[in-house]
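All remarks here apply to the structure that follows.
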Amino acid sequence: MIGKNTGEEPERIASTSSMETRPNSIEDWPSRAWNLLSKLRDQSPLVQCITNFVSMDLMANTLLSAGASPAMIHSIEEIPDFTPHARSLCINVGTLSSDWLPAMKAAVVLANKFGKPWVLDPVAAGASGFRLNACLELVGMKPTVIRGNGSEIIALFKASLGASKGVDSSHESTDAMEAAKSLAQASGAIVAVSGAVDIITDGNRVVGAHNGVPMMQKITATGCAVTALIAAFVAVDPLHALEATASAFSIFGIAGELGMNMAKGPASLRMHLIDSLYSLDQVALLSHTKITSL
Ligand SMILES: Nc1ncnc2c1ncn2[C@@H]1O[C@H](COP(=O)(O)OP(=O)(O)OP(=O)(O)O)[C@@H](O)[C@H]1O
Ligand SMILES: Cc1ncsc1CCO
Ligand SMILES: [Mg+2]
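When you line the sequence shown up against my numbering, it's residues 748 to 1041, in that order.
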């Protein structure tokens, strides 16, 4: 059952509520991840997503199965009324066109004005000058988190068109480690690079999330979906964006691992990943979470 305390837990301090496990230290990642997921399920934060046409379905279903409330609202006319009510904002440039960019910026201005965290997914940042410039402008508007694949983070760091194939990465996440640290220092954002090991940095500290399965790369928009999940996690813990980001990655990866046990290929993994995220319980989460300092 969702959010239910279902079994044995590792050593912990007596908690303030029956749902809550309190981390013994900053390094008690499994307890931290469980607390955040429980909070997300309790609060069901409204997450506004201005995202690409490919990702809308998987992103909304990922947010719903995790316990958040997604709204794919992107019309510039609606942003003044709607954005102030969202708990966080997810901006994704995957199918960017010139008429969408003003809506993205207007939503970001309002998120910043009302102190809401927002997350940028710079899809294929190095694919064209228009896209790169748009991403760089958005980076300059102070995102809470930037989440991309290795090639995207390198393109942003170098501010140059890249040798990537398009939306897919031609780099390992670890190739982008130094770029991620520099980008975090320059932008003030938490920078997160997805891959076999997901890397999360504030420019000084670097953390790795080691969950997930390679087949997740064969489902379009899993990266977009985990970016939206990060937006939901920072909505419930905006003051600890690095920890929220690492927890979101790990939990999405665990859902992939559990889903893979039932899947026959990418299409059934997509379904089983969503189901596994929905039913993820404390025992499975605590035993599978793999987050380390790098
Ligand atoms: N080799 C791998 N092993 C385990 N998990 C992986 C691997 N590669 C990617 N993942 C996971 O798959 C998800 C998507 O990451 P990926 O780097 O493919 O994003 P992306 O390129 O932005 O995808 P998209 O643009 O299709 O949304 C992340 O949650 C990541 O942790
Ligand atoms: C395939 C694709 N093309 C533009 S956005 C997108 C979804 C994955 O990023
Ligand atoms: Mg992507």
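We treat Cβ as the ideally placed atom computed from N, Cα and C, and that holds for glycine.
Legend entry - Shell residues, 5 Å Cβ cut-off relative to heavy atoms of ligand 3: Every residue with a CB closer than 5 Å to a heavy atom of ligand 3 is listed here in chain order: V870, G970.
Legend entry - Neighbourhood of L1027 by C-beta distance below 8 Å, restricted to the same chain and skipping five residues each side: Start at 1 with the first residue of the sequence shown, and residue 1027 comes out as number 280. Closer than 8 Å at the Cβ level, and outside the excluded window around L1027, lie L784, I998, I1001, A1002, L1005.
Inset, instruction - Take the Cβ of H1019 as the centre, count every other Cβ of all protein chains shown within 10 Å, and call the residue buried at 16 or more, exposed below. - result: Counting from one through the sequence shown, the residue named residue 1019 turns up at place 272. A buried status is given to H1019, since no fewer than 16 other beta-carbon atoms sit within 10 Å of its beta-carbon.
Legend entry - Inter-stretch contact (C-beta, 8 Å, three-pair minimum) for the stretch 949-960 and the stretch 890-900: Counting Cβ pairs under 8 Å, fewer than three are found: no touch.
Inset, instruction - Compute the minimum distance between the beta carbon of S1015 and the heavy atoms of ligand 1, and state whether it is under 8 Å. - result: Numbered from 1 along the sequence shown, position 268 holds the residue referred to as residue 1015. No, ligand 1 has no heavy atom inside 8 Å of this Cβ.
Legend entry - Cβ-based neighbour list, L843, same chain, cut-off 7 Å, excluding 5 preceding and 5 following: In the sequence shown, the residue the question calls residue 843 occupies position 96. The residues are R878, A881.
Inset, instruction - Would you please state the rounded distance, in angstroms, between the beta carbons of G841 and A874? I believe it to be under 8 Å. - result: Numbered from 1 along the sequence shown, position 94 holds the residue referred to as residue 841. Numbered from 1 along the sequence shown, position 127 holds the residue referred to as residue 874. Not quite, the Cβ-Cβ distance comes to about 10 Å (not below 8 Å), so this is no contact.
Inset, instruction - List the DSSP bridge partners of N839. - result: The residue you call residue 839 lines up with position 92 of the sequence shown. D868.
Legend entry - Three-state secondary structure (DSSP) of G895: The sequence position of residue 895 within the sequence shown is 148, counting from 1. In the three-state reduction of the DSSP assignment, G895 falls in the strand class, which pools E and B.
Inset, instruction - Please name the residue, chosen from E884, E825, A993, G909, that lies closest to V973 on a Cα-to-Cα basis. - result: Here the question's residue 973 lines up with position 226 in the sequence shown. Closest option to V973, Cα to Cα, is A993.
Inset, instruction - Using beta-carbon positions only, say whether A815 and L976 come within less than 9 Å of one another. - result: Counting from one through the sequence shown, the residue named residue 815 turns up at place 68. Counting from one through the sequence shown, the residue named residue 976 turns up at place 229. Inclusion of A815 and L976 in the CB contact set at 9 Å is warranted, their separation being smaller than that value.
Legend entry - Whole-angstrom distance between A982 and P770, CA atom to CA atom: Looking up residue 770 in the sequence shown gives position 23. Looking up residue 982 in the sequence shown gives position 235. Note that P770 scores 49 on pLDDT, short of 50, meaning its location in the model is unreliable; the coordinates nonetheless yield the value given after this. Going by C-alpha positions, P770 is about 19 Å away from A982.
Legend entry - Residues that DSSP places opposite L989 in a beta bridge: The count along the sequence shown starts at 1 and reaches residue 989 at position 242. None; L989 has no bridge partner.
Legend entry - M806 burial status per 10 Å Cβ neighbour count (16 or more: buried): Position 59 of the sequence shown holds residue 806. By the 16-neighbour rule on beta-carbons within 10 angstroms, M806 is buried.
Inset, instruction - Return yes when at least one heavy atom of ligand 2 lies under 8 Å from the C-beta of N799, else no. - result: One-based indexing of the sequence shown puts residue 799 at position 52. Under cutoff, so the answer is yes.
Inset, instruction - Quickly, what does DSSP pair P817 with across the bridge? List them, please. - result: By 1-based counting over the sequence shown, the position of residue 817 is 70. P817 has V794 as its beta-bridge partners, per DSSP.
Legend entry - Contact test: V840 Cβ vs ligand 1 heavy atom, cutoff 8 Å: As a first step, residue 840 is located in the sequence shown; it is residue number 93 there, counting from the start. Within 8 Å of the C-beta of V840 there is not a single heavy atom belonging to ligand 1.
Legend entry - Residue nearest to M888 in terms of C-alpha spacing, selected from G909, A979, S812, G862: For the purposes of this step, residue 888 is taken as the residue at position 141 of the sequence shown. Cα-wise, what sits closest to M888 is G862.
Legend entry - Beta carbon proximity, T891 to chain D, threshold 9 Å: The chain inventory of the structure shown lacks chain D, comprising one protein chain alone.
Inset, instruction - State buried or exposed for L787, treating a residue as buried only when at least 16 other CB atoms are found within 10 Å of its CB. - result: As a first step, residue 787 is located in the sequence shown; it is residue number 40 there, counting from the start. Taking a 10 Å sphere around the C-beta of L787, we find 16 or more other C-beta atoms and assign the residue as buried.
Inset, instruction - Indicate the three-state DSSP secondary structure (helix, strand or coil) for D945 in the structure shown. - result: Locating residue 945 in the sequence shown gives position 198, counting from the first residue. DSSP places D945 in strand when its eight states are reduced to three.
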